[in-house]
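In this note's numbering, the protein residues as written are 224 to 608.
For each residue, glycine too, the CB sits at the ideal point set by N, CA and C.
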Ligand SMILES: [Zn+2]
């Protein structure tokens, strides 16, 4: 299951259970650990290839179609809705008065010995957790009245009931968005940090900004599976031998002297690069690692057609690598056929991507010829036609 469907599965099957409980209780350490574990199980990969904070921003920052919701934010928004809107027509749940009453009982009780024993229960009960939402929002410089205002337009004369219904319906979503916007997260710095691993010798700030923009463009240019593969490649998320500190040979069996199972090699592998050149017409003047790790954006900006074709190439290489890792290439199989099949599957169901793939050889905006004199080819030159 890919990144996109994993996100949908998480939101459909995992989150409803957690979010029901999160209406009453702040998530404790165990709940946050379970959240982390669930995301890691749904999106497996090498250690730290993508952090929990990144998974929360897949849609907003990284060009994917959905993000994993944050349990902490979800709980705070749900508790705020419960606190403010539950049983509203009958005066609400009276959380504030119940909390004060409980505090008075605790303070005036004779058995003071119970206080240290039941401290966590007194301060972490349902009433205390729901009541704490107001204070938690205040620390984020958010206020409930302004959030209610933001949830729906101002009340019109004689239309209070409709406005109330609208606010109630939008309130939790509005609070979640407001909480999300308060978190500090610098996407350019994050991308720059991740791309730093490739040592591309470019202008890192420029490349990072281009990559972020390209990922956002790809959302409309290719299916979600392709943009997910591009992000995983940029962030060194392939399960290669090198990523696990092992030496394995190239899974495409290119026979190169410098072959190894690593993204660094696949970005230069004669079979993978040869496929890009002969079948997908990706023909830059100079081949280097940046074409697989940054869609070539470390070299220069490119058109949407170029982005689409390069993304399909990366998807094909990623899928083929995943397949050949478990089912090694047999003597009768041609790796170029596998790559071609996966590039077609990558575009399947997306009209624009399929059209771009079908018109590669008739599209005059794509390069006609290229100079490969600087390409470091460690194999024989027969692959170049
Ligand atoms: Zn190879």
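Rounded straight-line distance, which links the Cα of residue j to that of residue i
| i | j | result |
| --- | --- | --- |
| residue 479 | residue 237 | 46 Å |
| residue 396 | residue 300 | 8 Å |
| residue 592 | residue 499 | Bear in mind that the predicted position of residue 592 carries a pLDDT of just 45, short of 50, making it too unreliable to give a figure here. |
| residue 437 | residue 449 | 13 Å |
| residue 552 | residue 473 | 11 Å |
| residue 293 | residue 279 | 6 Å |
| residue 258 | residue 584 | 47 Å |
| residue 230 | residue 275 | 13 Å |
| residue 334 | residue 342 | 13 Å |
| residue 601 | residue 281 | The predicted model places residue 601 with a pLDDT of 40, which falls under 50 and marks its position as unreliable; any figure quoted below should be read in that light. Spanning the two alpha carbons is a distance of roughly 37 Å. |
| residue 465 | residue 576 | 32 Å |
| residue 544 | residue 485 | 10 Å |
| residue 384 | residue 359 | 29 Å |
| residue 338 | residue 392 | 40 Å |
| residue 609 | residue 235 | Not covered by the structure: residue 609. The range shown for the chain is 224 to 608. |
| residue 454 | residue 309 | 41 Å |
Proximal residues to residue i (C-beta, below 7 Å), its chain only, five neighbours per side dropped
| i | result |
| --- | --- |
| residue 527 | 440 and 444 |
| residue 318 | 306, 350, 353 and 354 |
| residue 242 | 297 and 301 |
| residue 419 | 427 |
Residue i, buried or exposed, once every other Cβ within 10 Å from all chains shown has been counted against 16
| i | result |
| --- | --- |
| residue 422 | exposed |
| residue 457 | buried |
| residue 307 | buried |
| residue 408 | exposed |
| residue 536 | buried |
| residue 260 | exposed |
| residue 239 | exposed |
| residue 253 | exposed |
| residue 433 | buried |
| residue 417 | buried |
| residue 246 | buried |
| residue 468 | exposed |
| residue 430 | buried |
| residue 555 | exposed |
| residue 347 | exposed |
| residue 529 | buried |
| residue 573 | buried |
| residue 566 | buried |
| residue 514 | buried |
| residue 475 | buried |
Cβ pair residue i, residue j closer than 8 Å
| i | j | result |
| --- | --- | --- |
| residue 255 | residue 232 | no |
| residue 296 | residue 403 | yes |
| residue 462 | residue 268 | yes |
| residue 228 | residue 262 | no |
| residue 324 | residue 365 | no |
| residue 534 | residue 512 | no |
| residue 286 | residue 442 | yes |
Of the residues the options, the one placed nearest residue i, counting alpha carbons only
| i | options | result |
| --- | --- | --- |
| residue 368 | 304, 405, 419 and 539 | 304 |
| residue 571 | 538, 467 and 279 | 538 |
| residue 271 | 585, 359, 557 and 459 | 459 |
| residue 167 | 345, 341 and 333 | With the chain covering 224 to 608 only, the question about residue 167 has no answer from this structure. |
| residue 451 | 234, 342, 284 and 387 | 284 |
| residue 541 | 488, 277 and 521 | 488 |
| residue 288 | 454, 550, 447 and 531 | 447 |
| residue 371 | 386, 363 and 510 | 386 |
| residue 406 | 388, 415, 442 and 362 | 362 |
| residue 411 | 277, 574, 250 and 235 | 277 |
| residue 399 | 506, 388 and 356 | 356 |
CB contact check: residue i to chain D, cutoff 8 Å
| i | result |
| --- | --- |
| residue 292 | The structure shown contains no chain D; it is built from a single protein chain. |
Own chain, CB closer than 6 Å to residue i, minus 5 neighbours either side, in chain order
| i | result |
| --- | --- |
| residue 495 | 489 and 540 |
| residue 225 | 448 and 451 |
Residues near ligand 2, criterion Cβ-heavy atom distance below 6 Å: Absent from the structure shown: ligand 2. Ligands present: ligand 1.
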